[in-house]
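Participant: First to last, the sequence lines map onto chains A and B. Under our numbering, the first sequence has 687 at position 686, and the numbering climbs by one with no breaks. Under our numbering, the second sequence has 152 at position 109, and the numbering climbs by one with no breaks. Once you've had a glance at the structure underneath, I'll fire off some questions.
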Amino acid sequence: MGCGMGKSEVRLKKCERVTNSVPAIRAALLIQRWYRQYVARLEMRRRCTWNIFQSIEYAGEQDQIKLYNFFDFLMHHFTPASSERSLISHIFRVNEICRDAEWEKYFCYESIEVPDSYTGPRLTFPMTFCGVSKVVQAFKHKQQLHARYVLQLLRETWRLLRILTNISHVSTCHTKEITICGDLHGHLEDLLLIFYKNGLPSSEKPYVFNGDFVDRGKNSLEILLILFGFLLVYPNDVHLNRGNHEDHIVNLRYGFTKEVLGKYRVHGKKILNLLQKIFSWLPLATVIDHKVLIVHGGISATTDLNAIARVDRHKYVSALRPPKPTHYAADGCKTQAMGSNHREASGPAEGRRRVCSLTHHSSPPAQRSDLPRRSLHNLPMGSLLSWSVEEELKRRRRLAGFDQSYGELQRSDTESGATAETDEHEWKQIVDVLWSDPMPQNGCIPNEVRGGGCYWGPDVTEEVLGRHNLQLLIRSHECKQDGYEFCHNRRVLTIFSASNYYEMGSNRGAYIRMGPDLVPHFIQYQASQACRELTLRQSVGWTERSALRALREQLFVHKSDLISAFQEFDPNNTGKISLSHWASATESVLKLGLPWRVLRPQLVSSTQYGIVDYQMWIRELSITEPKLQISDTSILETMYKNHSNLETIFRVIDTDHSGSISFEEFRQTWRLLCSHLKTEISDEAIADLAHSIDFNKDGSIDINEFMEAFRLVDLSAHA
Amino acid sequence: MAGRKQSADVHQKIRAAFDAFDYEANSTVDVREIGTIIYSLGCFPSQKDLHDFIAKVEEDHTGYIHLDKFLPAMTKVLQEHKFPPISEDLLLQAFEALDKEKKDYLDPEELTKYMTQEGEPFTQEEMEEMLTALADHRNQIHYKDVVSQMTIKPDK
Chain A
2 MGCGMGKSEV
12 RLKKCERVTN
22 SVPAIRAALL
32 IQRWYRQYVA
42 RLEMRRRCTW
52 NIFQSIEYAG
62 EQDQIKLYNF
72 FDFLMHHFTP
82 ASSERSLISH
92 IFRVNEICRD
102 AEWEKYFCYE
112 SIEVPDSYTG
122 PRLTFPMTFC
132 GVSKVVQAFK
142 HKQQLHARYV
152 LQLLRETWRL
162 LRILTNISHV
172 STCHTKEITI
182 CGDLHGHLED
192 LLLIFYKNGL
202 PSSEKPYVFN
212 GDFVDRGKNS
222 LEILLILFGF
232 LLVYPNDVHL
242 NRGNHEDHIV
252 NLRYGFTKEV
262 LGKYRVHGKK
272 ILNLLQKIFS
282 WLPLATVIDH
292 KVLIVHGGIS
302 ATTDLNAIAR
312 VDRHKYVSAL
322 RPPKPTHYAA
332 DGCKTQAMGS
342 NHREASGPAE
352 GRRRVCSLTH
362 HSSPPAQRSD
372 LPRRSLHNLP
382 MGSLLSWSVE
392 EELKRRRRLA
402 GFDQSYGELQ
412 RSDTESGATA
422 ETDEHEWKQI
432 VDVLWSDPMP
442 QNGCIPNEVR
452 GGGCYWGPDV
462 TEEVLGRHNL
472 QLLIRSHECK
482 QDGYEFCHNR
492 RVLTIFSASN
502 YYEMGSNRGA
512 YIRMGPDLVP
522 HFIQYQASQA
532 CRELTLRQSV
542 GWTERSALRA
552 LREQLFVHKS
562 DLISAFQEFD
572 PNNTGKISLS
582 HWASATESVL
592 KLGLPWRVLR
602 PQLVSSTQYG
612 IVDYQMWIRE
622 LSITEPKLQI
632 SDTSILETMY
642 KNHSNLETIF
652 RVIDTDHSGS
662 ISFEEFRQTW
672 RLLCSHLKTE
682 ISDEAIADLA
692 HSIDFNKDGS
702 IDINEFMEAF
712 RLVDLSAHA
Chain B
44 MAGRKQSADV
54 HQKIRAAFDA
64 FDYEANSTVD
74 VREIGTIIYS
84 LGCFPSQKDL
94 HDFIAKVEED
104 HTGYIHLDKF
114 LPAMTKVLQE
124 HKFPPISEDL
134 LLQAFEALDK
144 EKKDYLDPEE
154 LTKYMTQEGE
164 PFTQEEMEEM
174 LTALADHRNQ
184 IHYKDVVSQM
194 TIKPDK
């Protein structure tokens, strides 16, 4: 690109070269043109950055489901004598203390002494406005609430939640305006900012919090305690909806479990157990004036609020796990083998669909046809004949070993059919409202990217809202750059309250104020002071750099696969391939659906005339400074690639949450992961690894140290 | 052979930029995104240039543009260098032309006057954003610094 081609007068005209001065109007035109181009280039970069973060985030969620199904599969394929089974069985163990009186005893906090040296707030119950304000102030000053008060507060919360209905009904009479907040994800500064701008909850100031209070941010527990505190003081004016992260299995992976155990070393486990129960008792939806529905994820074609109102919501401790069927039989032999076309992992979709902004979508023109989505093109042939949701549900049921439940229950053919279907139907109702996402096309299809819930279209919105005589659906679950976004002809509104969710400057948060006219008004914000002063260019730059860092990490861990893919385009082994080949090979390995050619300048420095020296590039991505001397470098790569999975497994195996596991447990963990990945690693290599990690040579491995050792150090990352 | 490969590369480039805005994965983009796409390919059209381009490729006032029409039109634009970039020198001259008092910087009011009243005027939003981006802590636009910092080099 450039001027200076062609004839001289054309050149003159096109380049607008003037020798003396440029008159003001032409100057203005030039500057405007230049500036608009500049902004557009930034917008393109921002969009790519956004997509990077989203694709990595959603890829992670899918992994979680796969891992869970993998555990489930193992559970049903090992004999009771197998040691592997006992290692992972406790993740499926139903909370054995299921009777209320016993729960009360279990969470006896009276014996916990609060020392005089404790300077945090001392609470009395029943909770008062003063009490919860003290808690808010304490957290603002980074104090920690004593475990005794935490347990007491949680116990009171549990007692209250038990008497609430599945669907909270709210009315805007008395000209009250309601405030509705979306995902907070442990971002305490955002909650405090909302309270600062909007005021604390009270009977004059009702609030709805739409789920995902925990995980990712570092103050998930503080947020919960504050929200529960206000709930206790104003039970009729504070409404909490359950989100997909109010789930102990999800918490294992996304940081909440770690946070609690880190902050409360002695009582953390108790707190987590109580929270597991509390989450299952959180209401599932809120309805305002019988007209506005608020749920965390969304809906599906089969969503039925009457059915949701009737379920025993506390049966669903984790939405990822189908419920135990309610019939028991005398003997415990398994009757049904797994189906013949059983596959180990869920989520057959090879591609993924970017969840993108829907703001520009006005009424669709008549001639647009419903072309299939990209991700559906890559399904393995013959696995499913049609994408009906019922088929999908059956498959998941089979995979999850629904009929077998720990091998202790027997299904009699006559009795269990009806129960199974009811439970399955109920379960689907709940999973759909917690996990679904809207899509622009009509229809309702399984949400392969997340691994749970559906994608639903504008026709489903109309049908479901119409059926229930509602006018608006408010949901959260997806991060939005401006904190909120309409779709489906303004009938669906996404509200997201965690600002800077991906990185500093990535997005604003927002909350809704709504009066009796039921028209939503938005207030947007961004938590950090410094952030607001960043120019557009700077904030795009920051976010972009961390997105790129995350992406480079992903590229690193896949480097063996990348090299193989590149070599397919390089039969003569020259070490070089074209840019287009580089882009398709990278996409085929990473499957993130990113525009690689647009990203190329920031990822690959070694190009010349459209050719990539891929050997050099791969070397640039390598780890330097390995903290461990390990003989087999592919172990390092495999471990890093799966470090989230590995961490989850570790925490599951570390049953006493002590933070260290024995060599034998480590070896068995490793074996588990290898069979999940279908790779073979020798016992000797594993023993080597274990010994080198045991720095203090005491025969056990500290998990935190181990995880730290594998943090990636990227030479070519810009500072 | 080289020519064909070159145009294949050009097509790839155009498709990649187009895809970033193809939310429904059906080879169409909203017409309001076309400007961003064309700019991101290194072109510097004026608003009038954009309107003319869109008129040629839009699908009958539907508000959407299909890749089938966009690709050949955009290829032609790139191959003929229809909307060439503005050189730093020229840009500097343009700023200097607005700086009547020759003080080497512009006040926000001066810039606003020109940007919102002359040429292809900015909207208020565009103007506010430009001021945020270009004005320094003294609330002055030192255009020499701005131009050298913000000129994006085209990639190969």
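Beta carbons: idealized from backbone N, C-alpha and C, even for Gly.
With 16 as the cutoff for other CB atoms within 10 Å, does V520 of chain A come out buried or exposed?
Facilitator: Around the C-beta of V520 of chain A, fewer than 16 other C-beta atoms lie within 10 Å, and the residue is accordingly described as exposed.
Participant: What separation, rounded to the nearest whole angstrom, lies between the Cα atoms of D460 of chain A and F130 of chain A?
Facilitator: Each residue's Cα considered, the two are about 45 angstroms apart.
Participant: Taking CB distances under 8 angstroms as the criterion, tell me whether S589 of chain A reaches chain B.
Facilitator: no
Participant: Classify M515 of chain A as helix, strand or coil using the three-state DSSP reduction.
Facilitator: It is a strand residue.
Participant: Could you say which of A:S498, A:L473 and A:H489 lies nearest to Q482 of chain A if we only look at CA atoms?
Facilitator: A:S498
Participant: Per DSSP, what kind of secondary structure is D132 of chain B in: helix, strand or coil?
Facilitator: helix
Participant: Given a limit of 7 angstroms on CB to CB distance, which residues of the segment 46-69 of chain B reach chain A?
Facilitator: D52, Q55, K56, A59, A60, D62, A63, Y66, E67, A68 and N69
Participant: Which term fits E569 of chain A, buried or exposed, when burial requires 16 or more other beta carbons within 10 angstroms of its beta carbon?
Facilitator: exposed
Participant: Would you please verify whether the beta carbon of S581 of chain A is less than 8 angstroms from any beta carbon of chain B?
Facilitator: yes
Participant: Determine the burial state of P116 of chain A: buried for a count of at least 16 other Cβ atoms within 10 Å of its Cβ, exposed for fewer.
Facilitator: exposed
Participant: Could you name the residues of chain B that L604 of chain A contacts, counting a contact when the two beta carbons are closer than 9 angstroms?
Facilitator: Residues of chain B passing the Cβ test: none, with the nearest at roughly 12 angstroms.
Participant: Give the range of the beta strand (DSSP E) segment to which S663 of chain A is assigned.
Facilitator: S661 to S663
Participant: Helix, strand or coil: which one does DSSP assign to F126 of chain B?
Facilitator: coil
Participant: From what residue to what residue does the alpha helix (DSSP H) around P24 of chain A run?
Facilitator: Here P24 of chain A belongs to no alpha helix (DSSP H), and DSSP marks it neither H nor E.
Participant: Using 8 angstroms for Cβ pairs, my map puts Y317 of chain A next to W428 of chain A. What's the rounded Cβ distance?
Facilitator: 7 angstroms
Participant: For chain B, find out if any of its Cβ atoms is closer than 8 angstroms to the Cβ of Q38 of chain A; answer yes or no.
Facilitator: yes
Participant: Excluding five sequence neighbours on each side, which residues of the same chain lie with their C-beta closer than 6 angstroms to the C-beta of S172 of chain A?
Facilitator: D290
Participant: Can you check whether the CB of A586 of chain A is closer than 8 angstroms to the CB of L600 of chain A?
Facilitator: no
Participant: Starting from L593 of chain A, find everything on chain B with Cβ-Cβ shorter than 7 angstroms and list it in chain order.
Facilitator: Counting only Cβ-Cβ distances below 7 angstroms, L593 of chain A has no contacts in chain B at all, with the closest Cβ about 13 angstroms away.
Participant: Of all the CB atoms in chain A, is at least one closer than 8 angstroms to the CB of Y157 of chain B?
Facilitator: yes
Participant: Which residue marks the beginning of the beta strand (DSSP E) containing T287 of chain A, and which one marks its end?
Facilitator: T287 of chain A -> beta strand (DSSP E) spans A286 to I289.
Participant: Let me confirm a value: I309 of chain A is counted as buried when at least 16 other C-beta atoms fall within 10 Å, else exposed. Which label applies?
Facilitator: The residue is buried, with at least 16 neighbouring Cβ atoms inside 10 Å.
Participant: Can you find a CB in chain A that lies within less than 8 angstroms of the CB of F96 of chain B?
Facilitator: no
Participant: So, using beta-carbon positions, are D52 of chain B and G611 of chain A closer together than 8 angstroms?
Facilitator: yes
Participant: Residues in the same chain with beta-carbon distance under 7 angstroms from C357 of chain A, minus the five sequence neighbours each way, listed in chain order, please.
Facilitator: In this prediction, C357 of chain A has a pLDDT of 27, which is less than 50 and means its spatial position is unreliable; what the coordinates show is noted afterwards. So no residue of the chain qualifies.
Participant: Please list the residues of the segment 140-169 of chain B that have a C-beta atom closer than 7 angstroms to any C-beta atom in chain A, keeping them in chain order.
Facilitator: Those would be A140, L141, Y157, M158, E161, G162, E163 and F165, in chain order.
Participant: With a cut-off of 8 angstroms, do at least 3 Cβ pairs link the segment 474-490 of chain A to the segment 208-215 of chain A?
Facilitator: yes
Participant: What's the gap between the Cα of S663 of chain A and the Cα of T258 of chain A?
Facilitator: 21 angstroms
Participant: Taking all protein chains shown into account, decide if E131 of chain B is buried (16 or more other Cβ within 10 angstroms of its Cβ) or exposed.
Facilitator: exposed
Participant: Hey, quick one: how far does the alpha helix (DSSP H) through C131 of chain A stretch, first residue to last?
Facilitator: That run of the alpha helix (DSSP H) goes F130 to K141.
Participant: Taking C-alpha atoms, which residue in B:F126, B:T118, B:S191 and B:H185 lies nearest to R58 of chain B?
Facilitator: B:T118
Participant: How about G201 of chain A and L192 of chain A: are their beta carbons less than 8 angstroms apart?
Facilitator: Sequence inspection shows Leu at residue 201 of chain A; the Gly mentioned does not correspond to that position. Cβ distance not < 8 angstroms, so L201 of chain A and L192 of chain A don't count as in contact.
Participant: Mind pulling the chain B residues with CB within less than 7 angstroms of P441 of chain A?
Facilitator: Chain B residues near P441 of chain A: Y66 and E67.
Participant: Grouping DSSP H, G and I as helix and E and B as strand, with all else coil, what is P116 of chain A?
Facilitator: P116 of chain A: coil per DSSP, three-state reduction.
Participant: Could you tell me whether the Cβ atoms of V312 of chain A and N167 of chain A are closer together than 8 angstroms?
Facilitator: yes
Participant: Does the structure place the segment 232-239 of chain A close enough to the segment 277-288 of chain A that three or more beta carbon pairs sit under 8 angstroms?
Facilitator: Contact between the segment 277-288 of chain A and the segment 232-239 of chain A is absent, because fewer than three Cβ pairs lie under 8 angstroms.
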